[in-house]
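Enquirer: Supplied in structure tokens, the structure appears directly below.
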Amino acid sequence: MEEEDILIIQQILEDLNEAEEEQERPVRRFYNREDAFEISDIQFIKLFRLNKPTTREVINIASEYINEPSRKSATSVTLKVLIALHFYGHGTYQTGVGKTIFTAVSQSTVSRAITEVTNALNEVMAGFIHFPQNFNELRELRHRFFRQHQFPGVVGCVDGTHVAIVRPAENEHIYVNRKQYHSLNVQLVCDEKLQILHVNAKFPGSCHDSHVWRESNISTIMETIYRNGIEIFFLLGDSGYPLRPWLLTPLDNPLPNSPEERCNNRLMSIRSLIERCNGLLKNRFRCLLKHRVLHYQPDIAGKIVNACVVLHNMCINNDVPEVDMEENNVDYGIGVNGRNEFNVNNTDLVAARQLLQTIADTHFQ
1211 MEEEDILIIQ
1221 QILEDLNEAE
1231 EEQERPVRRF
1241 YNREDAFEIS
1251 DIQFIKLFRL
1261 NKPTTREVIN
1271 IASEYINEPS
1281 RKSATSVTLK
1291 VLIALHFYGH
1301 GTYQTGVGKT
1311 IFTAVSQSTV
1321 SRAITEVTNA
1331 LNEVMAGFIH
1341 FPQNFNELRE
1351 LRHRFFRQHQ
1361 FPGVVGCVDG
1371 THVAIVRPAE
1381 NEHIYVNRKQ
1391 YHSLNVQLVC
1401 DEKLQILHVN
1411 AKFPGSCHDS
1421 HVWRESNIST
1431 IMETIYRNGI
1441 EIFFLLGDSG
1451 YPLRPWLLTP
1461 LDNPLPNSPE
1471 ERCNNRLMSI
1481 RSLIERCNGL
1491 LKNRFRCLLK
1501 HRVLHYQPDI
1511 AGKIVNACVV
1521 LHNMCINNDV
1531 PEVDMEENNV
1541 DYGIGVNGRN
1551 EFNVNNTDLV
1561 AARQLLQTIA
1571 DTHFQ
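Here the sequence shown stands for residues 1211 to 1575, numbered as in this note's numbering.
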């Protein structure tokens, strides 16, 4: 056989092998997509939780950290942002996200989009989640609280909320909370507009709110301000936190119709802002709800929480309308805490009680 004939036969065999491999390879489906920005504003917010201007702002942010693809068929930054927003907003897992007419892509593309957009939003956290950095900012925040609620000294409300996660691969037992599901115990601090000033999504669900508080930098900042004795600033918390001059919690059993009871009622009314804030955050970004469960390991789940908080604050700043409740009897992951105080002779506890008494006598007679 001539050498040229041998080469031709080898080429034919190679072509046949390639054809067989092509038949065995799964068919890659491309879906037709419509332009999400062409739909109505109401429908856009229902699908993506943000309005169109705020979404374009997120796209601009993401573009700083995600490179545009070089191939026309690859996923654009705009599409990646829409995919991530749809996931954050609905909590339906990735297969469902990928099949909408606006974000029709493969599941692997959905996964990459969520990861890249989440990382980008974590890069800009400091620009959108901002606890006061100086006394002028603290005074302004205190003034806004007093103007709205007539309670002196308040600069924020604090509470913990549980975000359900899939069973972690390591140390899974420390993520089991009191309700016996795996979670992160996320600490939030909000202002009078329900804007989140601080988030800490690094602690496992078994940790008590008071432990997360003691380990947080906000606790150190507030205590340091008090120790310096310059001015009175404090946060409001529930009875699960230790009563301190920099963190006021409700008094136990004040007398009916007394200044102390009126002070207590006002304190609890203001403190409920953090519960409303948590409800707004989770109703808008339903991937954080207990029954949706983030199917990520704790560190990635924490980043998703941070990303949702960034978006929450952008919505507050841009007056994005709230979405309608989609379900009844939603568990927002806030537990009922008992009194977390043991040393009744603690000098800081005594000082906090005196401060509450002074406020009651001065403002609630």
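Beta carbons are placed, not taken as given, at the ideal position from N, Cα and C, and that holds for glycine.
As the structure is a prediction and not an experimental result, all values here were calculated from the model.
1) Alpha carbon to alpha carbon, what distance is there between ALA1379 and PHE1443?
2) So is GLU1347 buried or exposed if we call it buried at 16+ other beta carbons inside 10 Å?
3) Contact between the segment 1315-1332 and the segment 1357-1375: three or more CB pairs below 8 Å?
4) Can CYS1367 and CYS1417 be called in contact, C-beta distance under 7 Å?
5) Output needed for THR1568: all residues of its chain with C-beta closer than 7 Å, excluding positions within five of it in sequence on either side, in chain order.
6) Contact defined as beta carbons within less than 8 Å: I believe SER1420 pairs with ASN1410. What is the distance between those atoms, to the nearest angstrom?
7) Give every residue of the same chain whose Cβ lies closer than 6 Å to the Cβ of PHE1413, excluding the five residues on either side of it in the sequence, and list them in chain order.
8) Between the segment 1480-1500 and the segment 1384-1398, can you find at least three pairs of beta-carbon atoms closer than 8 Å?
9) Determine the contact status of LEU1186 and LEU1490, defining contact as a CB-CB distance below 7 Å.
10) Which residue comes first and which comes last in the alpha helix (DSSP H) that contains PHE1413?
11) Spatial neighbours of GLN1358 within its chain, please: CB distance less than 6 Å, with the 5 preceding and 5 following residues excluded, ordered by chain position.
12) For the beta strand (DSSP E) that GLN1317 lies in, which residues bound it at each end?
13) According to DSSP, is CYS1525 helix, strand or coil?
14) Just curious, the alpha helix (DSSP H) that LEU1295 is in, first and last residue?
15) How about ARG1494 and VAL1533: are their beta carbons less than 7 Å apart?
16) Using CA atoms only, rank isn't needed, just tell me which of ILE1293, PHE1297, GLY1450 and ASP1251 is closest to PRO1460.
17) Who are the Cβ neighbours of ILE1526 in its own chain at under 7 Å, not counting the five residues just before and after it?
18) Buried or exposed for HIS1300, going by 16 or more other Cβ atoms inside 10 Å?
Expert: Reading off the structure:
1) 42 Å
2) exposed
3) no
4) no
5) none
6) No, SER1420 and ASN1410 are not in contact; Cβ-Cβ is about 13 Å, not under 8 Å.
7) ASN1395 and VAL1422
8) yes
9) In the structure as shown, the chain begins at 1211 and stops at 1575. Residue 1186 is therefore absent and cannot be evaluated.
10) No alpha helix (DSSP H) holds PHE1413; the beta strand (DSSP E) holding it covers 1406-1414.
11) GLU1402
12) That residue, GLN1317, is in no beta strand (DSSP E); its alpha helix (DSSP H) goes 1317-1333.
13) helix
14) 1287-1300
15) yes
16) GLY1450
17) LYS1403, LEU1404 and GLN1405
18) buried
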